[in-house]
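Here the structure comes first, spelled out in structure tokens, and everything after it is commentary.
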Amino acid sequence: MVLAGIELDDNKFPMHLGLIMDGNSRWAKKRSLLKLQGHRAGAKALKRILESIEKTPIKTVTIYAFSKDNWKRSKSELDGLFTILRQFYKSDYPKLKKRQVKILHSGDTSGLEADIIDILEKMTRETKDNKGKVLNLALNYSGRNEIVRVMQELIGQGIPPDEITEELISARLDNPETGDVDLLIRTSGELRISNFCLWQLAYSELYFTETLWPDFTEKDLAEALYSFQVRERRFGGRIAKSA
41 MVLAGIELDD NKFPMHLGLI MDGNSRWAKK RSLLKLQGHR AGAKALKRIL ESIEKTPIKT
101 VTIYAFSKDN WKRSKSELDG LFTILRQFYK SDYPKLKKRQ VKILHSGDTS GLEADIIDIL
161 EKMTRETKDN KGKVLNLALN YSGRNEIVRV MQELIGQGIP PDEITEELIS ARLDNPETGD
221 VDLLIRTSGE LRISNFCLWQ LAYSELYFTE TLWPDFTEKD LAEALYSFQV RERRFGGRIA
281 KSA
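Going letter by letter, the sequence shown gives residues 41 to 283 in my numbering.
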């Protein structure tokens, strides 16, 4: 297929794409705007990119919507971020639901306001049988916290240490059906993964771009996908050489 003028191999798409949508505040600062305006611009960019992804064979997208570490931000910024989620539920969610998108939530609900928890529960419940793309919202999420919660569950069930396997842990992650992340895209030039999907990123391909998230376009997405497609994924092994 061709995406934004770039030829892509239909057979080499990542099935699970992770997005760390960084740079909203810097985008706003460069334009002498409020941080909240940057986050709103970021929400519009997400809408555009999700529409682009629907054209591709990509099955699952996990977005880092809100980290557990983000609670360190100012109250006004936090209030603004959750207001955007409420607006997403009213304006964008019905369209996604109609397009058969399945909504998942990864993360801890403790500390979230009751209406936010209600929104997350309604979206996941109402779309659980949808057969289209999967949108996984990593909200109030931390990769380390996810692993800790799994281990607490295993210990609570009295499972002996020698019976704990990688498969057992994977099966108890927040949304095990999504599998490992094939490609992680992080915008804004930061070269780190910031506690995002630590277990699922074990053999992910990483793609970093200087582009601030609100400026991220379909062409940027296509370039990231092309970069993924020309790499050799070894998963700890070696590529067999032809005779």
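In this text, a Cβ means the ideal position worked out from N, Cα and C, and glycines have one as well.
For the set Leu194, Thr149, Ile225, the Cα lying nearest the Cα of Ala264 is the one of Ile225. Ser107 is bridged by DSSP to Tyr181.
Here the alpha carbons of Val188 and Asp109 stand approximately 16 Å from one another. Linking Ser228 to Glu206 through their CA atoms gives a straight-line distance of about 33 Å.
For Phe256, no alpha helix (DSSP H) segment is defined, and its DSSP state is neither H nor E. Between Leu223 and Leu177, the C-beta spacing is not below 8 Å. In this structure the stretch 233-240 does not touch the stretch 70-79; the number of beta carbon pairs closer than 8 Å is below three. No Cβ-Cβ contact shorter than 8 Å links Ala83 with Trp67. Between Thr102 and Gly151, the gap from beta carbon to beta carbon reaches 8 Å or more. With a minimum length of 4 residues, the unbroken runs of alpha helix (DSSP H) contained wholly in the stretch 116-171 fall at 133-138, 154-166.
In the structure shown, the three-state DSSP call for Glu245 is strand. In the three-state reduction of the DSSP assignment, Glu47 falls in the strand class, which pools E and B. Note on geometry: alpha-carbon atoms of Lys52 and Glu91 lie some 20 Å from one another. Runs of the beta strand (DSSP E) lying entirely within the stretch 44-93 and spanning at least 3 residues, in chain order: 56-60. For a cut-off of 8 Å, the C-beta gap from Leu194 to Gly63 is around 37 Å, too long to register as a contact. Beta-bridge partners of Asn176 (DSSP): Thr102, Leu144. Around the beta-carbon of Ala211, fewer than 16 other beta-carbon atoms lie within 10 Å, marking it exposed. For Leu238, there is no enclosing alpha helix (DSSP H), as DSSP gives it neither H nor E. A distance below 7 Å between beta-carbons, with the five flanking residues on each side excluded, links Leu213 to the following residues of its chain, in chain order: Glu186, Val190, Trp239. DSSP places Ile225 within a strand segment (E or B) once states are collapsed to three.
In the structure shown, Val270 adopts coil according to DSSP, grouped into three states. The Cβ neighbour count for Lys142, taken over all protein chains shown within 10 Å, is at least 16; the residue is labelled buried. Under the criterion of beta carbons closer than 8 Å, Leu261 and Phe248 do not qualify as touching, at roughly 14 Å.
Note: Val42 is bridge-paired with Glu47 in the DSSP secondary-structure output. Assigned with DSSP and collapsed to three states, Thr218 falls in helix.
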